[in-house]
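Asker:
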Amino acid sequence: MAGELSAEEVIALLGLQPHHTCGFVAQTYVSPHMLPESALPDGFRGARSAGAVMYFMVTGDAHIVMHAIRSDQVYHHYLGRPLEVLLLYPDGRGEVRLMGGDLASGQRPQLFIPGGTVHMSRVSGGEGYALLGTSEWIGVDPADVVTPALEDLVGTYPAHSEEIRAFSRGTAPLARPLVRT
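Read left to right, the sequence shown gives residues 105 to 285 (the working numbering).
The structure is reproduced here in structure tokens:
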């Protein structure tokens, strides 16, 4: 795209920092409303904020690693290339969704990720970047993030082992077509 900012320019302008699970990140809002542990679903320990919002950038070198959080979240696509997202649901189902701004081709700029869903993302085509945001509710504490081992995921989701291995390598193309949202 003509006039598009480089990944480095976006990182500098938004103050994004490297993050171990999510490429580059900048938290932009944490709700001041605190929910006591007694008001939270099972599995949460301690009080949490009602929600949080952050920017994140995925690049070919800084993709999102396999992880799950207890809270629901919505990804929002802002700039750059489309994003492929592998979703492995707690009930054993899995799918790949494509986010982006090309609405006519079926891409959508938002993606809901239910709490407990293992997910990983990569830039479509492996080059360039995707700038996104995520809205999380209930606010996430580090104790709410799980990063399962590759072989555990393959054992739990054998029908999706090809996608799990391809996403774990970073930019390998999928043998099956993407499910577009």
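Yeah, the Cβ is synthetic: ideal placement off N, Cα and C, and Gly gets one too.
1) Sorted by chain position, which residues of the same chain lie with C-beta nearer than 6 Å to L257's C-beta, five sequence neighbours on each side aside?
2) Taking 8 Å as the cut-off, does the region 193–204 touch the region 142–158 (at least 3 CB pairs, one atom from each stretch)?
3) Give me the Cα-Cα distance between M224 and T260, rounded to the nearest whole angstrom.
4) Secondary structure at I268, three-state DSSP: helix, strand or coil?
5) Measure the alpha-carbon distance for G184 versus F216 and round it to whole angstroms.
6) Who are P122's beta bridge partners in DSSP?
7) Give me the DSSP bridge partner(s) of H181.
8) Report buried or exposed for V244, applying the criterion of at least 16 other Cβ atoms within 10 angstroms of its Cβ.
9) May I ask you to report which of helix, strand or coil DSSP gives S153?
10) Let me check understanding here. Comparing Cα to Cα, which of A208, V250, E266 lies closest to V169?
11) Could you name the residues that DSSP lists as bridge partners for A172?
12) Excluding the 5 residues preceding and the 5 following G239 in the sequence, name in chain order all residues of the same chain whose CB lies nearer than 6 Å to its CB.
13) Please list the terminal residues of the continuous beta strand (DSSP E) segment that includes L144.
14) Can you grab the Cα-Cα spacing for the pair H180 / S142, in whole Å?
15) Out of curiosity, what's the CA-to-CA distance linking S135 and P252?
16) Where does I217 fall in DSSP's three states?
Answerer: By the coordinates alone:
1) Translated into positions along the sequence shown, residue 257 becomes position 153. Setting aside the 5 residues that flank it on each side, L257 is surrounded in the same chain by I268, each with a C-beta closer than 6 Å to its C-beta; the list follows chain order.
2) Contact between the region 142–158 and the region 193–204 is not established, with fewer than three Cβ pairs separated by less than 8 Å.
3) Against the sequence shown, residue 224 aligns to sequence position 120. Against the sequence shown, residue 260 aligns to sequence position 156. Going by the C-alpha atoms only, they are around 16 Å apart.
4) One-based indexing of the sequence shown puts residue 268 at position 164. Of the three classes helix, strand and coil, the one that applies to I268 here is helix, per DSSP.
5) Taking the first residue of the sequence shown as position 1, residue 184 is located at position 80. Taking the first residue of the sequence shown as position 1, residue 216 is located at position 112. Rounded to whole angstroms, G184 to F216 spans 20 Å at the Cα level.
6) Locating residue 122 in the sequence shown gives position 18, where the first residue counts as 1. Secondary-structure assignment with DSSP links P122 through a beta bridge to F128.
7) As a first step, residue 181 is located in the sequence shown; it is residue number 77 there, counting from the start. According to DSSP, H181 bridges with L236.
8) Stepping through the sequence shown from its first residue, residue 244 is reached at position 140. The Cβ neighbour count for V244, taken over all protein chains shown within 10 Å, is at least 16; the residue is labelled buried.
9) Walking along the sequence shown from the start, residue 153 turns up at place 49. In the structure shown, S153 sits in a strand (DSSP, three-state: E or B).
10) What you label residue 169 is simply residue 65 of the sequence shown in a count that begins at 1. Taking only the C-alpha atoms, the option nearest V169 is V250.
11) Translated into the one-based positions of the sequence shown, residue 172 becomes position 68. The bridge partners DSSP lists for A172 are V250.
12) Working through the sequence shown from its first residue, we reach residue 239 at position 135. First, the amino acid is wrong: residue 239 is Ser here, not Gly. These residues qualify, in order along the chain: V157, V178.
13) For the purposes of this step, residue 144 is taken as residue 40 along the sequence shown, with counting starting at 1. Per DSSP, L144 belongs to no beta strand (DSSP E) and is neither H nor E.
14) Walking along the sequence shown from the start, residue 180 turns up at place 76. Walking along the sequence shown from the start, residue 142 turns up at place 38. Rounded to whole angstroms, H180 and S142 show a C-alpha spacing of 30 Å.
15) The residue you call residue 135 lines up with position 31 of the sequence shown. The residue you call residue 252 lines up with position 148 of the sequence shown. Whole-angstrom Cα-Cα distance: 28 Å.
16) Here residue 217 corresponds to residue number 113 of the sequence shown, with the count starting at 1. If DSSP states are grouped into helix, strand and coil, I217 belongs with the strands.
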